[in-house]
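Protein chains in written order, with the numbering used here: chain X, 7 to 212; chain G, 65 to 291. We treat Cβ as the ideally placed atom computed from N, Cα and C, and that holds for glycine. The next block holds one structure in the form of structure tokens; read it before the comments.
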Amino acid sequence: MILHNYDLYEDCYRVRLLASCTEQSLELINVNAFPGAEEKTAPYLKLNPLGRLPILEDKDLCLRNLSAILLYVAEQDAQKRFIPKDSAERARMMDWLGFACDDLSVATEARAVALLDAPGDVVALRAKVRQLFRILDDHLTRQSLKGEPYVAGKTPCLADIALFPAFALCRDFNLDHDEFPAARLWARQIRMLSGFITMPGIPDYH
Amino acid sequence: MTQTQTPRSQWVPVALSKMIEAGTSAGTVVNGAEIVVWRDTAGAAHAWEDRCPHRGMKMSFGFVRGDHITCLYHGWEYDTSGTCRYVPAHPELEVPKSICISRYGTAEAGGMIWAYTPLGTTEQDPPPVLPALEGVRSVYMDASVARVSDTLQQHSSAPAGDDAALCNAITLTLENTVVTIGLQQISDGQCALHIAVPEGTAPVTKEALLDWCEDLRRTVEGLEAAA
Ligand code: FES
Chain X
7 MILHNYDLYE DCYRVRLLAS CTEQSLELIN VNAFPGAEEK TAPYLKLNPL
57 GRLPILEDKD LCLRNLSAIL LYVAEQDAQK RFIPKDSAER ARMMDWLGFA
107 CDDLSVATEA RAVALLDAPG DVVALRAKVR QLFRILDDHL TRQSLKGEPY
157 VAGKTPCLAD IALFPAFALC RDFNLDHDEF PAARLWARQI RMLSGFITMP
207 GIPDYH
Chain G
65 MTQTQTPRSQ WVPVALSKMI EAGTSAGTVV NGAEIVVWRD TAGAAHAWED
115 RCPHRGMKMS FGFVRGDHIT CLYHGWEYDT SGTCRYVPAH PELEVPKSIC
165 ISRYGTAEAG GMIWAYTPLG TTEQDPPPVL PALEGVRSVY MDASVARVSD
215 TLQQHSSAPA GDDAALCNAI TLTLENTVVT IGLQQISDGQ CALHIAVPEG
265 TAPVTKEALL DWCEDLRRTV EGLEAAA
């Protein structure tokens with residue numbers, strides 16, 4: 007699998023983190039996204055007309071939707087360890103995967119405005135992300151009462167991996183973890199997964 | 065309804081005990097003052113000024129190892145007395161004892177960690193006396209403490225307890241359970257409620273309390289926004 011990657015993009019980190027936690031190797035092609043905007047040059051627009059990263063290539067496949075990429079990588083894992091077998095649990099996992107990849111794209115945007123000169127209103131975006139983290143924290147609070155420490159069940163799933171970067175990186179746009187105690191404990195569990203890796207902005211202290 | 069003002073102690077609840085696991089730290093704010101709450105691996109809780117004396121990095125961004133908390137920025141390590149013990153850039157250096165972080169008086173009671181505020185004041189009163197309680201959740205609201213106390217008194221099925229020993233805490237009967245709510249003022253417009261119940265409370269009751277917390281947050285934030 008080839009990942010067209012930019013180290014500072016959290017969406018690329020999501021894919022690297024998943025590959026590492028599933029013991030799969032990725033061939034990384036580093037793209038000069040900032041300041042070069044290489045993903046918007048002709049050769050890259052051919053791979054992804056949307057002009058975005060990450061892009062995953064494997065044999066004849068060329069994927070550019072984040073959930074599609076994550077699901078594909080998770081399924082290539084021989085053990086499929088992050089895809090719940092139970093259909094209800096899998097449905098819950100997909101629900102939170104959508105939250106991570108679609109709703110929380112405002113976090114990616116907020117961070118790009120704060121760090122990477124992208125246009126946008128960081129104050130408005132931060133307020134949106136805060137609302138979403140409240141939803142996550144409320145949910146994780148209920149999960150832990152049920153004896154289920156992860157978003158879809160008792161064990162970590164693909165959605166947990168996809169959610170982690172948004173939460174871990176929100177200090178980059180000045181949103182603290184103070185108000186989300188359940189999410190803080192959950193994030194600590196994710197850090198302890200075997201194969202866990204960091205990216206710039208996520209301290210490596212365990 | 066007349067509001068009985070709860071006497072305000074200088075002991076403020078800053079977290080639920082169970083949410084600060086051994087070997088972890090978290091940041092919080094009381095009346096604008098940033099505080100790091102952390103628990104050493106022996107289990108003792110600490111509340112300090114959230115600021116590294118070196119370059120001002122938040123200590124809550126750092127990490128706990130044994131009975132030391134380490135700053136994320138350049139790795140200075142502090143022992144439980146707040147004194148700097150180790151500077152990685154100068155491992156041979158005997159660190160001057162004068163490099164320390166200011167500490168709050170800290171206590172644990174009723175399933176919560178309490179800090180004696182403001183920073184630098186000597187404790188005039190003993191820590192709150194509460195029975196052993198189990199934390200349910202902390203809920204953060206964009207509303208003043210006054211607004212929350214008001215709403216609690218109007219919307220609760222029983223009047224708030226006015227036991228002076230329960231300063232910065234209110235007791236209510238909800239779902240036939242005595243619920244203790246620790247009130248933390250973060251700023252004029254923000255506060256946290258730390259919710260605790262007697263040990264052994266049924267899960268279904270706790271679940272109903274979670275609904276109640278979310279409803280309360282919606283209500284008070286609605287009132288605050290309309291005010
Ligand atoms: S700022 Fe804390 S060690 Fe430098």
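Suppose you measure from the CA of residue i to the CA of residue j; what does that come to, to the nearest Å?
i: X:D123; j: X:A158; result: 35 Å
i: G:V93; j: X:R70; result: 41 Å
i: G:W140; j: G:K82; result: 27 Å
i: G:D226; j: G:E239; result: With a pLDDT of 49 at G:D226, under the threshold of 50, the predicted position of this residue should be treated as unreliable, though the coordinate-derived value follows. About 20 Å.
i: X:L32; j: G:A153; result: 36 Å
i: X:C27; j: G:K161; result: 43 Å
i: X:Q30; j: X:D83; result: 7 Å
i: X:Q85; j: X:S200; result: 14 Å
i: X:G126; j: X:D101; result: 27 Å
i: X:G57; j: X:T47; result: 8 Å
i: G:M123; j: G:T186; result: 23 Å
i: G:R115; j: G:L236; result: 36 Å
i: X:R98; j: X:Q195; result: 19 Å
i: X:L53; j: X:L121; result: 26 Å
i: X:A80; j: X:E115; result: 25 Å
Using a threshold of 7 Å, state whether the C-beta atoms of residue i and residue j are closer than that.
i: G:W75; j: G:P192; result: yes
i: X:M7; j: X:D64; result: yes
i: G:Q249; j: G:V284; result: no
i: G:G146; j: G:R167; result: yes
i: X:L9; j: X:L34; result: yes
i: G:V261; j: G:V200; result: yes
i: X:L24; j: X:I167; result: yes
i: X:L169; j: X:A106; result: yes
i: G:R103; j: G:A111; result: no
i: G:G96; j: G:S251; result: yes
i: G:G55; j: G:P77; result: The question about residue 55 of chain G has no answer, for chain G in this structure spans 65 to 291.
i: G:F127; j: X:Y211; result: yes
i: X:A172; j: X:L110; result: yes
Let me check understanding here. Comparing Cα to Cα, which of the options lies closest to residue i?
i: G:H258; options: G:Q188, G:V101, G:V203 and G:G146; result: G:V203
i: G:V243; options: G:T269, G:Q254, G:A256 and G:C164; result: G:T269
i: X:I208; options: X:L9, X:E16 and X:I8; result: X:E16
i: X:T161; options: X:R190, X:M198 and X:R177; result: X:M198
i: X:L131; options: X:L181, X:P49 and X:L169; result: X:L181
i: X:C176; options: X:V79, X:Y12, X:V112 and X:L103; result: X:V112
i: X:A174; options: X:L191, X:G153 and X:G57; result: X:L191
i: X:D144; options: G:A207, G:E187, G:E271 and G:L287; result: G:E271
i: X:T147; options: G:D206, G:D189, G:L274 and G:M205; result: G:L274
i: X:V37; options: X:P55, X:I61 and X:R20; result: X:I61
i: X:Y214; options: X:M205, X:L14, X:G153 and X:L164; result: The displayed coordinates of chain X run from 7 to 212. Any statement about residue 214 of chain X would go beyond what the structure contains.
i: G:L280; options: G:Q217, G:K122 and G:E187; result: G:Q217
i: G:G286; options: G:A171, G:E172 and G:G253; result: G:G253
i: X:A133; options: G:D206, G:W178, G:D189 and G:N95; result: G:D206
i: G:R119; options: G:V151, G:S73, G:S89 and G:V128; result: G:V151
i: X:E95; options: X:A189, X:E45 and X:E154; result: X:E154
Under the assumption that residue i contacts residue j (Cβ atoms under 8 Å), give the Cβ distance between them as a whole number of angstroms.
i: G:E98; j: G:I165; result: That belief does not hold up - the Cβ atoms of G:E98 and G:I165 are roughly 12 Å apart, past 8 Å.
i: G:A256; j: G:M176; result: Not a contact, Cβ separation roughly 11 Å.
i: G:E198; j: G:T265; result: 7 Å
i: G:T105; j: G:G91; result: Wrong, their Cβ atoms sit about 20 Å apart, outside the cutoff.
i: X:R178; j: X:R117; result: Reading the sequence as shown, one finds Asp at residue 178 of chain X and not Arg. About 5 Å separates the two Cβ atoms, so the contact holds.
i: X:Y19; j: X:M205; result: 4 Å
i: G:Y142; j: G:M121; result: That belief does not hold up - the Cβ atoms of G:Y142 and G:M121 are roughly 12 Å apart, past 8 Å.
i: X:V128; j: X:V119; result: 5 Å
Inset, instruction - Determine, using beta-carbon pairs with one atom in the segment 184-195 of chain X and one in the segment 132-151 of chain X, whether at least three such pairs fall under 8 Å. - result: yes
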